[in-house]
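Colleague: Residue numbers (full-length UniProt numbering): 1 to 333. From the three backbone atoms N, C-alpha and C, an ideal C-beta is built for every residue, glycine too.
Quick look at the structure:
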């Protein structure tokens with residue numbers, strides 16, 4: 001196996017220069033010299049030793065990602081986007097699925113600390129996740145959802161309240177006189193923001209009935225909750241769901257109840273997964289900027305330490321009107 005010394009000898013440089021090339025520093029290397037080193041490494045089949053690099057730099061070049069359910073298409077798409085962004089910077093992404101369990105999330109926390117990841121991206125199942133082990137180990141954390149512990153952990157989110165208000169106003173503009181908010185199963189920061197936006201939209205709408213139900217964040221549970229709702233005499237005319245997965249469950253429940261979407265029931269989701277384009281009918285949704293969030297979180301974590309002041313960024317969202325809600329509302333651009 002070729003060594004750094006072999007590469008240096010072939011390129012006519014020092015081993016230090018070879019190290020600078022493959023570790024991106026700490027000193028710069030002239031473009032011509034860099035190319036000589038890369039050519040020599042290719043000819044000799046040289047591969048840097050990742051373990052040796054970690055020992056010398058004190059970094060593992062790895063990022064931990066904890067998500068509630070990797071089977072959920074949104075979290076799968078998010079993980080893929082973060083992996084792409086991390087790979088550009090030479091980082092390995094370690095993905096941990098908490099399976100919607102706070103205890104499993106804590107076990108993954110300990111595991112990532114033991115593996116000495118450089119940083120962590122978190123989508124927690126808890127409204128107040130226990131981040132103490134990360135901070136004690138000197139591992140910075142960025143949450144990709146609304147969090148309560150804003151004093152220590154950074155966050156990147158969209159404005160859930162504004163998004164919920166926009167989605168609900170869209171349904172009101174279509175003239176739907178009874179609207180249900182299908183929220184998450186627990187009273188989290190995100191759930192409260194969804195409800196606040198929903199309530200703000202319907203507050204000024206005369207003659208509109210509005211109420212809230214809950215379900216787990218899964219198609220199956222949402223379908224069961226929605227079917228019970230739609231089978232009753234007092235069924236709503238429209239449903240705003242706080243995830244696309246819940247919305248797909250509502251579409252199934254409507255079909256099972258013999259209802260036509262959107263003629264009998266309008267449905268709006270939240271997340272903007274690719275599946276929205278191939279549902280029947282195509283799902284109206286709040287599109288989260290998944291790729292932009294992924295790039296930004298990797299940028300923030302690149303040189304961050306736990307002693308840095310937390311940053312809290314709110315990115316923009318796009319409301320995409322499709323057939324499930326009747327298309328663009330009358331008078332909309």
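(1) Tell me, which residues are paired with residue 180 by DSSP?
(2) Just verifying my parser: in three-state terms, what is the DSSP assignment at residue 187?
(3) Between residue 267 and residue 43, what straight-line distance do the alpha-carbon atoms span, to the nearest angstrom?
(4) If I'm right that residue 269 touches residue 247 with Cβ under 8 angstroms, what's the distance once you round it to whole angstroms?
(5) Three-state secondary structure (DSSP) at residue 327?
(6) Rounded to the nearest angstrom, what separates residue 328 and residue 133 at their Cα positions?
(7) So, do the segment 211-220 and the segment 171-187 have three or more beta carbon pairs nearer to each other than 8 angstroms?
(8) Is residue 197 buried or exposed, if buried means 16 or more other CB atoms sit within 10 Å of its CB?
(9) Rounded to the nearest angstrom, what separates residue 256 and residue 227 at their Cα positions?
(10) By the DSSP assignment, the alpha helix (DSSP H) with residue 33 in it spans what residues?
(11) Report yes if the C-beta distance between residue 172 and residue 203 is below 8 angstroms; otherwise report no.
(12) Going along the chain, which unbroken runs of the alpha helix (DSSP H) with 4 or more residues stay wholly within the segment 64-101?
(13) When you compare the segment 70-79 with the segment 125-132, are there three or more beta-carbon pairs, one atom per stretch, that lie closer than 8 angstroms?
(14) When you compare each of 205, 95, 218, 164 to residue 195 by their alpha carbons, which one comes out closest?
(15) Under the assumption that residue 313 contacts residue 156 (Cβ atoms under 8 angstroms), give the Cβ distance between them as a whole number of angstroms.
(16) Please report how far the alpha carbon of residue 110 lies from the alpha carbon of residue 187, in whole angstroms.
(17) Just to confirm my understanding: we take residue 301, look at its own chain, exclude 5 residues before and 5 after, and list those with CB closer than 8 angstroms. What are they?
(18) Quick one, which of 221, 283, 16 has its alpha-carbon nearest residue 26's?
(19) Are the Cβ atoms of residue 167 and residue 320 separated by less than 8 angstroms?
(20) Tell me whether the beta-carbon of residue 112 lies closer than 8 angstroms to the beta-carbon of residue 100.
(21) Alpha carbon to alpha carbon, how far is residue 295 from residue 41? Give it in angstroms, no decimals.
(22) Residue 143 lies in the beta strand (DSSP E); which residues open and close that run?
(23) Between the Cα of residue 305 and the Cα atoms of 136, 31, 37, which residue gives the shortest distance?
(24) Contact defined as beta carbons within less than 8 angstroms: I believe residue 250 pairs with residue 222. What is the distance between those atoms, to the nearest angstrom?
(25) Look up residue 55 in the DSSP assignment and say whether it is helix, strand or coil.
(26) Any heavy atom of the ligand MN inside 7 angstroms of the beta-carbon of residue 214?
(27) What residue range does the alpha helix (DSSP H) around residue 220 cover?
(28) Looking only at its own chain, which residues have a Cβ that is under 8 angstroms from the Cβ of residue 325, when we skip the five neighbours before and after it?
(29) Does the distance from the CB of residue 78 to the CB of residue 290 come in under 8 angstroms?
(30) Note the first and the last residue of the continuous alpha helix (DSSP H) segment covering residue 269.
Modeller: Short version:
(1) 211, 239
(2) Annotated three-state conformation of residue 187 is coil, per DSSP.
(3) 59 angstroms
(4) 3 angstroms
(5) coil
(6) 47 angstroms
(7) Segments in contact, yes.
(8) buried
(9) 8 angstroms
(10) 31-44
(11) no
(12) Within the segment 64-101, the complete alpha helix (DSSP H) runs of at least 4 residues are 73-88.
(13) no
(14) 164
(15) Right, their Cβ atoms sit about 5 angstroms apart.
(16) 26 angstroms
(17) Within the same chain, 63, 118, 119, 121, 140, 142 come within 8 angstroms of residue 301 by CB-CB distance, once the 5 residues on both sides are set aside.
(18) 16
(19) Contact annotation: residue 167 and residue 320 have beta-carbon atoms that are not nearer than 8 angstroms.
(20) no
(21) Linking residue 41 to residue 295 through their CA atoms gives a straight-line distance of about 30 angstroms.
(22) 141-143
(23) 136
(24) Contact annotation, residue 250 with residue 222: C-beta distance approximately 6 angstroms; criterion of less than 8 angstroms satisfied.
(25) For residue 55, the pLDDT reaches just 45, beneath the cut-off of 50, and the residue's location in the model is therefore unreliable, although a value from the coordinates is still provided. Helix.
(26) For the structure depicted, the ligand MN is absent and the ligand set is empty, with no information on it obtainable.
(27) 219-230
(28) 170, 171, 174, 238, 262, 266, 267, 268, 284
(29) Closer than 8 angstroms, so yes.
(30) Here residue 269 belongs to no alpha helix (DSSP H); instead the beta strand (DSSP E) covers 266-271.
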